[in-house]
Amino acid sequence: MDRTLIPPEAAGPLPPLRTPPRQDRKRRVNESISTWRWTDRIGYGLMWAAGLLVCAIGIGIVLYMMFRGLQYLRPSLLFSHPQAELDQSKTGGFLDPLLGTILLTVLGICLAVPLAVAAATWIVEYARPAWLARIVDSGIEIIAGTPDIVIALFGLVLFQQRIFGWMSFTAQGGAVFGRSFLTAGCMMSLIALPMVFASTREGLQAIPSHVREASYALGKTKAATIRRVLLPSVKANISTGAALGMGRIAGDTAIVVVLLGATLTLSPEGSVPGLRVLKGTGGTLTSYVYNNSPAGEGNAPQKAYAAAFVLLLIVVGLNFVVDLIARSSAKSGLETSRLGAR
Amino acid sequence: MLERLREPWTDQRAERVLGALACLILGVIVFMIVFVAVRAWPSFHANGLSWFSAKGNVDVQLSRMVNSGANPTPADYQIGAWPLIYATLLTTVLAAGLGLVFSTLSAIFIVEFAPEGIRRLIVPIVRLLAAVPSVIYGLIGILVLAPFVGNHLISQGRKKSVEFVIQLSGTSLLVAVVILTIMITPIMIAITVDGLYAIPRSWKEGAVALGVNRWRAMWTVTVRAARPAILAGAVLATARAFGEAIMISMVSGSKGFAPNPADGLTFIFEPVKTLASNIVENAESINAPAMRSTLYAMALLLLLGGFGLSIASWIAKQPLKKYGTRG
Amino acid sequence: MIERDEEQASAQDPTDPRAEMLPPPVRRIRLDAQPTVALPPLTDAGVDADGRAPGASGLPARTARATPAGRERMTLKSLSVFYGDNEAVKQVSLAIREGEVLALIGPSGCGKTTLLRTLNRLTELTPSARRTGVIRIDGTDVDDIEVTTLRRRVSMVFQQPNPFPMSVFDNVAYALREQGAKRPKKKVLEPYVIEALRRAGLLDEVKDKLDHPALRLSGGQQQRLCIARALAAGPEVLLMDEPCSALDPKSTEVIEDLILELRQSLAVVIVTHNLQQAHRVGDNVAFMYLGDLVEYGPADQLFGNPVAERTRDYVRGAFG
Numbered sequence: 001m002d003r004t005l006i007p008p009e010a011a012g013p014l015p016p017l018r019t020p021p022r023q024d025r026k027r028r029v030n031e032s033i034s035t036w037r038w039t040d041r042i043g044y045g046l047m048w049a050a051g052l053l054v055c056a057i058g059i060g061i062v063l064y065m066m067f068r069g070l071q072y073l074r075p076s077l078l079f080s081h082p083q084a085e086l087d088q089s090k091t092g093g094f095l096d097p098l099l100g101t102i103l104l105t106v107l108g109i110c111l112a113v114p115l116a117v118a119a120a121t122w123i124v125e126y127a128r129p130a131w132l133a134r135i136v137d138s139g140i141e142i143i144a145g146t147p148d149i150v151i152a153l154f155g156l157v158l159f160q161q162r163i164f165g166w167m168s169f170t171a172q173g174g175a176v177f178g179r180s181f182l183t184a185g186c187m188m189s190l191i192a193l194p195m196v197f198a199s200t201r202e203g204l205q206a207i208p209s210h211v212r213e214a215s216y217a218l219g220k221t222k223a224a225t226i227r228r229v230l231l232p233s234v235k236a237n238i239s240t241g242a243a244l245g246m247g248r249i250a251g252d253t254a255i256v257v258v259l260l261g262a263t264l265t266l267s268p269e270g271s272v273p274g275l276r277v278l279k280g281t282g283g284t285l286t287s288y289v290y291n292n293s294p295a296g297e298g299n300a301p302q303k304a305y306a307a308a309f310v311l312l313l314i315v316v317g318l319n320f321v322v323d324l325i326a327r328s329s330a331k332s333g334l335e336t337s338r339l340g341a342r
Numbered sequence: 001m002l003e004r005l006r007e008p009w010t011d012q013r014a015e016r017v018l019g020a021l022a023c024l025i026l027g028v029i030v031f032m033i034v035f036v037a038v039r040a041w042p043s044f045h046a047n048g049l050s051w052f053s054a055k056g057n058v059d060v061q062l063s064r065m066v067n068s069g070a071n072p073t074p075a076d077y078q079i080g081a082w083p084l085i086y087a088t089l090l091t092t093v094l095a096a097g098l099g100l101v102f103s104t105l106s107a108i109f110i111v112e113f114a115p116e117g118i119r120r121l122i123v124p125i126v127r128l129l130a131a132v133p134s135v136i137y138g139l140i141g142i143l144v145l146a147p148f149v150g151n152h153l154i155s156q157g158r159k160k161s162v163e164f165v166i167q168l169s170g171t172s173l174l175v176a177v178v179i180l181t182i183m184i185t186p187i188m189i190a191i192t193v194d195g196l197y198a199i200p201r202s203w204k205e206g207a208v209a210l211g212v213n214r215w216r217a218m219w220t221v222t223v224r225a226a227r228p229a230i231l232a233g234a235v236l237a238t239a240r241a242f243g244e245a246i247m248i249s250m251v252s253g254s255k256g257f258a259p260n261p262a263d264g265l266t267f268i269f270e271p272v273k274t275l276a277s278n279i280v281e282n283a284e285s286i287n288a289p290a291m292r293s294t295l296y297a298m299a300l301l302l303l304l305g306g307f308g309l310s311i312a313s314w315i316a317k318q319p320l321k322k323y324g325t326r327g
Numbered sequence: 001m002i003e004r005d006e007e008q009a010s011a012q013d014p015t016d017p018r019a020e021m022l023p024p025p026v027r028r029i030r031l032d033a034q035p036t037v038a039l040p041p042l043t044d045a046g047v048d049a050d051g052r053a054p055g056a057s058g059l060p061a062r063t064a065r066a067t068p069a070g071r072e073r074m075t076l077k078s079l080s081v082f083y084g085d086n087e088a089v090k091q092v093s094l095a096i097r098e099g100e101v102l103a104l105i106g107p108s109g110c111g112k113t114t115l116l117r118t119l120n121r122l123t124e125l126t127p128s129a130r131r132t133g134v135i136r137i138d139g140t141d142v143d144d145i146e147v148t149t150l151r152r153r154v155s156m157v158f159q160q161p162n163p164f165p166m167s168v169f170d171n172v173a174y175a176l177r178e179q180g181a182k183r184p185k186k187k188v189l190e191p192y193v194i195e196a197l198r199r200a201g202l203l204d205e206v207k208d209k210l211d212h213p214a215l216r217l218s219g220g221q222q223q224r225l226c227i228a229r230a231l232a233a234g235p236e237v238l239l240m241d242e243p244c245s246a247l248d249p250k251s252t253e254v255i256e257d258l259i260l261e262l263r264q265s266l267a268v269v270i271v272t273h274n275l276q277q278a279h280r281v282g283d284n285v286a287f288m289y290l291g292d293l294v295e296y297g298p299a300d301q302l303f304g305n306p307v308a309e310r311t312r313d314y315v316r317g318a319f320g
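Residue numbers (the working numbering), protein chains in the order written: chain A, 1 to 342; chain B, 1 to 327; chain C, 1 to 320.
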């Protein structure tokens, strides 16, 4: 065997650039499923079935609700934008429940965000003593895991005490009704709290320590750092958490049924304008759907479908907002929560 | 004084204020447990341990409470809540079990085997399903699924066979479990997918390089390593399942009936009522003291059940940590 | 002849005021027009009584093979690998023989890892990868064998030790358990596991710790565990992708001795950055540059007296 060499100087110009093959034209023997154990084959088949089933169910639900909703969302009820006509009789539209949903959501989230942001900030930045921080953390997890019906009952017990008589209707004999927008709003804030808390905490933990150190090195106090440096940079996280929380509030029914009186119309209470509505009872889209379904008293499935469709649009819209925030903040390099469940 | 507030806050003050707000949340929880327990006490006191047993028709007992008015006698407090507890356990365990299988398979599909187009479709779908309110699931259940089951799946013969005990319309255990599974699966899928992505790809690559096919490599290495995450997702989903009140009350037939497995297949077509759905349905009559106490007792049970789940999951995670799985 | 920056001449003059302002010297390797390839080497001539080949001038002595090279196990003919439009490996032809260690050297990004991963068709895991050319194992085209069967015959050890989060026993037994149609019992597997650990030189250290978590072993032990895991299924060819780059010198030494022992029964292909290691361990060395196989020959020849210019530029200075 000898060695053949081509001296570089004798070589010609560079060979032309080779274009890659468009695809592997050669047939390759890949993992053929015939060699798998039968348990593997069943698992693989079930996996595909599960994946396709998820798609089918999701698309099915969306299409069905859209179909029914558009079928029953008549012009005389309300249309493309959610202002129903002001016909407040029982067979009319659902302006009141819609207003109720909006009111309750706003109330709930306005209470939840400051509390959750404060708690998250305290846990990430201070967390002294350590045992207390762990307890608060577990506590919020417990709230997240509590069924909404239990929170509703708790709210009832709490707000039927005399001290809270100012929050709802109080009868002559001193018995506190305990059901109003204010009381329901407070409990709604509890169910939105864990989501805002988790998002904010994730955002704060993602801020690298050199950002804080730079601020301290400039002579700013911790409080000022939090206020001017840290919190503004987690705005996207707070917004994401808030949007998720609002979605959860808008979709909740149990608390509404127990703590809002679930009346069909807004029934203000008292004489102070503005506060009257808050002290009064009302309903939301969720309780409206519940009542109009065969499970409730009404038996107007058409109205139920129409209201459910509007509710779905609101919730999907809120989740879309979450997506937008996540995407725009990802562009600027921040990280927010992923599939955003519970 | 206003000037003092507008000065830049000292660290100490900020810490105290923030800490106080955080502890406020803690206070809320403590009060919650205490208040609920206090209100629940009369019901437990009047029944003793027989509260948990089956003492006859739950619906009859509940309506007696409603009718008892403002001054109930101890006899009015009687309740044997076993059918409700049994129904809660049944729906939760079945839905969690089905959901676990369903969601693990879907998560593997999303992470590894789905073609790009399907993956781009399925991820938003999962997010959407997680966001749909329970009342809409209930609506679809009662207006679509229940009539379907009632008219097409339950034969006349079957209805006749249990006619003397219970009416079989479409609202049943089957519909409740199916829809509950659909409700809790997206949460589990989300958490499992996150857990699977957190496992280093080098492990799976090492397994594939040893001549193991991709499915087996995924299953025996990655899924096995992600077991803590899967468990966490399952616990979260189970907690949601047994607290679900509205959807169950819409689709499950609302009869305090304990389905009898000895009935064979008819068992899944029988109506049920769970603890949570019972609370929601009787919430209007909560002013009657007997009813109030009973409902709070059930709420306390749900609360303690949630705690129990968290503790059980913590216990279950411990042996998994031994070989260095990601926690 | 190496092109140097002209300013370098003045940089060597310390009195030159420009010396401090100049950029550091640049050593360029000229891109040859045609690759120069040396065909497979001569027989082992001149092995002395100790089994040491006379080193070329300046090179440390190597431990030569005890037996002559065996038959060809794998052959590559005009293998090209494309990632998208980028040709990572350009028409490489090589032979891999039983009983010898083939060392692939070259700068980062030259395609040696890609070439290695192609040998057990691991590049197919990357969606954008395309391959042309032929790879044969024992005469059969690699594409005609089912890929999982191929990977059992051609095993791989990775750069970062990646033991599974299981016990030591389960790690080594993994391939055996998952390959068969039925899951063998632990008692049946035990002798195979012990044998694999012995061949990997790890048995003494973990003999009584077989149920301990694998992730608690040290880095060198984990890499040997990965080698044991790869050996457990009885492969014919062992591929090693920079196995010692993440390890300390002592563990490196242990693994190099291990490779020298393993080559008696297997064909070993090792990719390495470390030229001294390639010289110590490799019987034949292939130098790759930007996807081309530039030179291939026995280690002493390639390092002591390289033929191609690019090889000369690359190994210059490694052996003084």
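Even glycine gets a Cβ: it sits at the ideal position worked out from N, Cα and C.
Distance check for residue j and residue i, CA to CA, integer angstroms please.
i	j	result
residue 279 of chain A	residue 195 of chain B	45 Å
residue 216 of chain B	residue 194 of chain C	24 Å
residue 286 of chain A	residue 139 of chain B	11 Å
residue 281 of chain A	residue 228 of chain B	44 Å
residue 88 of chain C	residue 120 of chain C	17 Å
residue 276 of chain A	residue 269 of chain A	5 Å
residue 315 of chain C	residue 270 of chain C	17 Å
residue 92 of chain B	residue 99 of chain B	10 Å
residue 204 of chain B	residue 301 of chain B	43 Å
In three-state DSSP terms, what is residue i?
i	result
residue 74 of chain A	coil
residue 323 of chain A	helix
residue 59 of chain B	helix
residue 213 of chain A	helix
residue 284 of chain C	strand
residue 238 of chain C	strand
residue 251 of chain C	helix
residue 91 of chain C	strand
residue 353 of chain C	For chain C, the structure presents residues 1 to 320; residue 353 of chain C sits outside this window and is missing.
residue 281 of chain A	strand
Taking all protein chains shown into account, do 16 or more other C-beta atoms lie within 10 angstroms of the C-beta of residue i, making it buried, or fewer, making it exposed?
i	result
residue 264 of chain C	exposed
residue 279 of chain C	buried
residue 208 of chain C	exposed
residue 197 of chain A	buried
residue 265 of chain B	exposed
residue 46 of chain B	buried
Taking DSSP's pairing of strands, which residues face residue i in a bridge?
i	result
residue 298 of chain C	C/284
residue 82 of chain C	C/87 and C/130
residue 136 of chain C	C/75 and C/141
residue 272 of chain B	B/253
residue 213 of chain C	C/167
Which residues in chain F sit within 7 Å of residue i, going by Cβ to Cβ distance?
i	result
residue 85 of chain B	Note that chain F does not occur in the displayed structure, where the protein chains are A, B and C.
Task: Residues in the region 213-234 of chain B having any Cβ partner in chain A nearer than 8 Å - done: 213, 214, 215, 216 and 219
Open item on the list: Beta carbons nearer than 9 Å to chain B: which residues of the region 184-199 of chain C have them?
Closed with: none
TODO: Using a Cβ-Cβ cut-off of less than 7 Å, list which residues of the region 93-106 of chain A approach chain B; keep chain order.
DONE: none
Task: Under 8 Å (Cβ pairs) to chain C, residues found in the region 185-207 of chain B - done: 200, 202, 203, 205, 206 and 207
- [ ] Please list the residues of the region 277-305 of chain A that have a C-beta atom closer than 8 Å to any C-beta atom in chain B, keeping them in chain order.
- [x] 286, 289, 290, 293, 294, 295, 301, 304 and 305
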